[in-house]
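Residue 13 is where the sequence shown starts when you use our numbering, and the numbers rise one by one after that.
Below is one structure, written out as structure tokens, with a few remarks after it.
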Amino acid sequence: MERSRRLFETETHGGRAVYRLHAVTVAAGILLLLYYRATRVPAAGEGRAAWLGMLAAELCYAAYWVVTQSVRWSPLHRRPCRDRLAARRYGERLPCVDIFVCTADPHSEPPSLVISTVLSLMAYNYPAEKISVYLSDDGGSILTFYALWEASLFAKHWIPFCKRYNIEPRSPATYFSESDGHQDMCTPKEWSLIREMYEDMTERIDTAALSGKISEEVKENHKGFHEWDQENTSKNHQPIVQILIEGKDKNANDDEGNVLPTLVYMAREKRPQHHHNFKAGAMNALIRVSSVISNSPIIMNVDCDMYSNNYDTIRDALCFFLDEEMGHKIGFVQFPQNYNNLTKNNIYGNSHQVTNQVLMGGMDSVGGPMYVGTGCFHRREILCGRRFTKDYKEDWDGGIKDKTQESIDEIEEKAKSLAASTYEHDTQWGDEIGIKYGYPAEDIVTGLEIHCRGWKSVHSNPPRPAFLGVAPTTLAQTLLQHKRWSEGSFSIFLSKYCPFMFGHGKIKLRHQMGYSIYGLWAPNSIPTLYYVIIPSLALLKGISLFPEITSPWISPFIYVVCVKNMYSLYEALSCGDTLKGWWNEQRMWMVRRITSYLYGLTDTVRKLLGLSKMTFAVTSKVSEENESKRYEQEIMEFGSSAPEYVIIATVALLNLICLVGGLSQILTGGWNILLNVFSPQLILCGMLVITNIPFYEAMFVRKDKGRMPFSVTLASISFAMLALLVPIV
13 MERSRRLFET
23 ETHGGRAVYR
33 LHAVTVAAGI
43 LLLLYYRATR
53 VPAAGEGRAA
63 WLGMLAAELC
73 YAAYWVVTQS
83 VRWSPLHRRP
93 CRDRLAARRY
103 GERLPCVDIF
113 VCTADPHSEP
123 PSLVISTVLS
133 LMAYNYPAEK
143 ISVYLSDDGG
153 SILTFYALWE
163 ASLFAKHWIP
173 FCKRYNIEPR
183 SPATYFSESD
193 GHQDMCTPKE
203 WSLIREMYED
213 MTERIDTAAL
223 SGKISEEVKE
233 NHKGFHEWDQ
243 ENTSKNHQPI
253 VQILIEGKDK
263 NANDDEGNVL
273 PTLVYMAREK
283 RPQHHHNFKA
293 GAMNALIRVS
303 SVISNSPIIM
313 NVDCDMYSNN
323 YDTIRDALCF
333 FLDEEMGHKI
343 GFVQFPQNYN
353 NLTKNNIYGN
363 SHQVTNQVLM
373 GGMDSVGGPM
383 YVGTGCFHRR
393 EILCGRRFTK
403 DYKEDWDGGI
413 KDKTQESIDE
423 IEEKAKSLAA
433 STYEHDTQWG
443 DEIGIKYGYP
453 AEDIVTGLEI
463 HCRGWKSVHS
473 NPPRPAFLGV
483 APTTLAQTLL
493 QHKRWSEGSF
503 SIFLSKYCPF
513 MFGHGKIKLR
523 HQMGYSIYGL
533 WAPNSIPTLY
543 YVIIPSLALL
553 KGISLFPEIT
563 SPWISPFIYV
573 VCVKNMYSLY
583 EALSCGDTLK
593 GWWNEQRMWM
603 VRRITSYLYG
613 LTDTVRKLLG
623 LSKMTFAVTS
633 KVSEENESKR
643 YEQEIMEFGS
653 SAPEYVIIAT
663 VALLNLICLV
673 GGLSQILTGG
683 WNILLNVFSP
693 QLILCGMLVI
703 TNIPFYEAMF
713 VRKDKGRMPF
723 SVTLASISFA
733 MLALLVPIV
């Protein structure tokens, strides 16, 4: 097929020859240092146990490094060709799209944030009659419904305003915070009028959220408000489905007489005696509810804080699905997670630039990226369990396009029955059909099964990000998010869906390894914790765990550490990060592994032993004003007595004590001889101390409310002192 007929181009990531040379030499260095470890085991009583522990830790690192190479060998970049999509006259044949937005808690995810996301999705540069937006409210909150009702009214002004002036981004919260209207074609008067309407709406929503009440006067404006009574709670209520805008109704028009997208609110039934399966259950309820309202062949889902940042994203995704050569093989199109509130130097390591540009592109080269739970376009049939066949052909004309004989009330009642808490009993939902149940990372296991059913996926990372969300703005939020990710991925790795077992014979070995990268986050906590504690303690106690600095065997250690970090820095800078941002990421690499991943490991083991049950913690999208200011100033936030902080502070203090004690022993003893023996440990301990500087400041220097609590500092000093008593044998 001629290139001009393709709807997307595929490009290879640059610099692969250099990377492969780097990887081969690093592999050689790793083998040499492992050989040294295995053949130089000291005698009993001279640090043998510590030495063998170092060997075990380095074996774990080496194995994990090999796994990561599976996706770094030949990353791809996909570039959609929207101009060709238009030239091929797909206009009338463009498929309908159902857009799912999930929210769970109006306190952690403010309704005003949620509706700004919804409005951005309703305003896509796409035929409005072919868009249906569904909001799943797992909190079952009248406050969220009220916010969506307000948004349905404001949409009549906002959508034509966006399309008239090609405004971007189309999230009103972001647009009005970044723009003064001068760069757009609109008049200052019109811009100010729309902004005032938006600010008045958000003020009403925020006021209602603070009071927790909706006035009786407002309730009379829509029948949906009467679904709530005094007995309703977030965990005990009947199914609620309300069609706020019926896009197929000719009377559902904006201010300029144009059709509006369909807008639906859903709160699936919750009862204490029935497990609701968290976000996976909400997604499956949305699949069923949407099937009787719009039933579009394409489903897109986003988290409630991930607003549309590119009004052509739907057309970009369709370039992959509609491509005549590869389109029939593609099960889903995954866009990366990006954030609009990152600090310049990425204080909490939440920038995913390297992941987006290298790792996900690498997954694309071996079968396709994993489904990450947001920013993804799916074929409805595939989510409902369809397997790939070579003769498969999608019916892009599918969907409920015309107004049916049924009234809105009748459709809503039918949809409510599909959102009942007992509907899935004795069915294949959550197993063979829909999003998988039983795992905190339901998105990853769902994507894995889609790949194992023969489908491919593609990763699209356009220059202008398709979606932007809210990154965690405190250390506690960041650690909670990574604990959830690592726990979910590790539980999959230990289940029947382990990529090496479930994917055997179904997907490539490199694809299996790519899926395992995240599944091995949690067990990586043990060798990391060992490496940041034992060499420093051994330095203090005069036990050498590395070759002497003048020994030729020190070369592979130095080479692996230096070259690996130099390439990591180059990769980060080439992907758009800063030098300080890379350094902050190295700090967070350590912190996440000794806290989030350690907790993810222990919690997964406890669940396997039946000592605890699966839970789902929503990452808060709200921070206090002072916390936000410190975040903008790139000052790390502590401020609470979290057990994770005790671990961080204990490790930091222990390394400081060991560095001071080790230096004093070297200076008071035969320093030239001791320096030759202990230089590697001295350098490692010193680098850890430099990395931990923000933690020392939080414990002993800072006076603001975000400093390390005195109780944490005191507990950490006690634990550090106890650690000094541990014998190194």
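Note that beta-carbon positions come from the ideal geometry of N, C-alpha and C, so glycine has one too.
Item                                                                                                           : Value
Span of the beta strand (DSSP E), counted from its first residue to its last, around residue 91                : 88-92
Supposed contact pair residue 70 and residue 91 - C-beta distance, whole angstroms, cut 8 Å                    : Wrong, their Cβ atoms sit about 40 Å apart, outside the cutoff.
Whether residue 604 touches residue 703 by CB criterion (8 Å)                                                  : no
Proximity winner among 647, 58, 546, 719, relative to residue 737 (alpha-carbon distances)                     : 546
Collapsed DSSP secondary structure at residue 228 in the structure displayed                                   : helix
Of the residues 291, 94, 62, the one placed nearest residue 117, counting alpha carbons only                   : 291
The region 394-404 / the region 492-499 touching (three or more Cβ pairs under 8 Å)                            : no
Limits of the alpha helix (DSSP H) - the one that residue 463 falls within                                     : 454-464
Where residue 347 falls: helix, strand or coil (DSSP)                                                          : coil
CA-to-CA distance, residue 538 to residue 675, given in whole angstroms                                        : 27 Å
Distance between residue 66 and residue 134 (C-alpha atoms, nearest Å)                                         : 55 Å
Alpha helix (DSSP H) segments (min. 4 residues) lying fully within the region 683-741                          : 683-703, 705-712, 722-736
Start-to-end residues for the alpha helix (DSSP H) that takes in residue 670                                   : 655-680
Residue 526 versus residue 571 - alpha carbon distance                                                         : 26 Å
Sufficient close CB pairs (3 or more, under 8 Å) joining the region 80-88 to the region 269-285                : no
Cα-Cα separation between residue 22 and residue 583, rounded to whole angstroms                                : 21 Å
Terminal residues of the alpha helix (DSSP H) in which residue 574 lies                                        : 566-586
Cβ-based neighbour list, residue 743, same chain, cut-off 7 Å, excluding 5 preceding and 5 following           : Within the shown structure, residues of the chain are numbered from 13 to 741, placing residue 743 beyond reach of any answer.
Cβ neighbours of residue 669 in the same chain (closer than 8 Å, five flanking residues each side left out)    : 552, 732, 736
Of the listed residues 172, 249, 226, 198, nearest to residue 150 (C-alpha basis)                              : 249
Inside the region 235-319 only - alpha helix (DSSP H) runs reaching at least 4 residues                        : 290-303
Per-residue DSSP class, three states only, for residue 414                                                     : coil
Collapsed DSSP secondary structure at residue 108 in the structure displayed                                   : coil
Contact belief for residue 468 with residue 341 at Cβ below 8 Å, rounded distance in angstroms                 : 5 Å
Three-state secondary structure (DSSP) of residue 63                                                           : helix
Beta-carbon separation (whole angstroms), residue 115 vs residue 316, contact threshold 8 Å                    : 4 Å
Same chain, Cβ closer than 6 Å to residue 112, five either side skipped, listed in chain order                 : 146, 298, 313
Reduced DSSP category for residue 13 - H, G, I as helix; E, B as strand; rest coil                             : Caution applies to residue 13, whose pLDDT of 44 falls short of 50 and renders its modelled position unreliable; the model cannot decide the point.
Local conformation of residue 517 per DSSP, three classes                                                      : coil
Those runs of the beta strand (DSSP E) which lie wholly inside the region 114-190 and span at least 3 residues : 143-149
Residue burial classification, residue 443 (beta-carbon count within 10 angstroms, cutoff 16)                  : exposed
Cα-Cα separation between residue 569 and residue 410, rounded to whole angstroms                               : 60 Å
Segment contact flag, the region 36-54 with the region 328-342, C-beta cutoff 8 Å, min 3 pairs                 : no
Validate contact between the region 279-287 and the region 426-443 using beta carbons, cut 8 Å, 3 pairs        : yes
Alpha carbon of residue 386 to alpha carbon of residue 532, nearest angstrom                                   : 22 Å
Cβ shell of residue 686 (< 6 Å), same chain only, five flanking positions each side left out                   : 678
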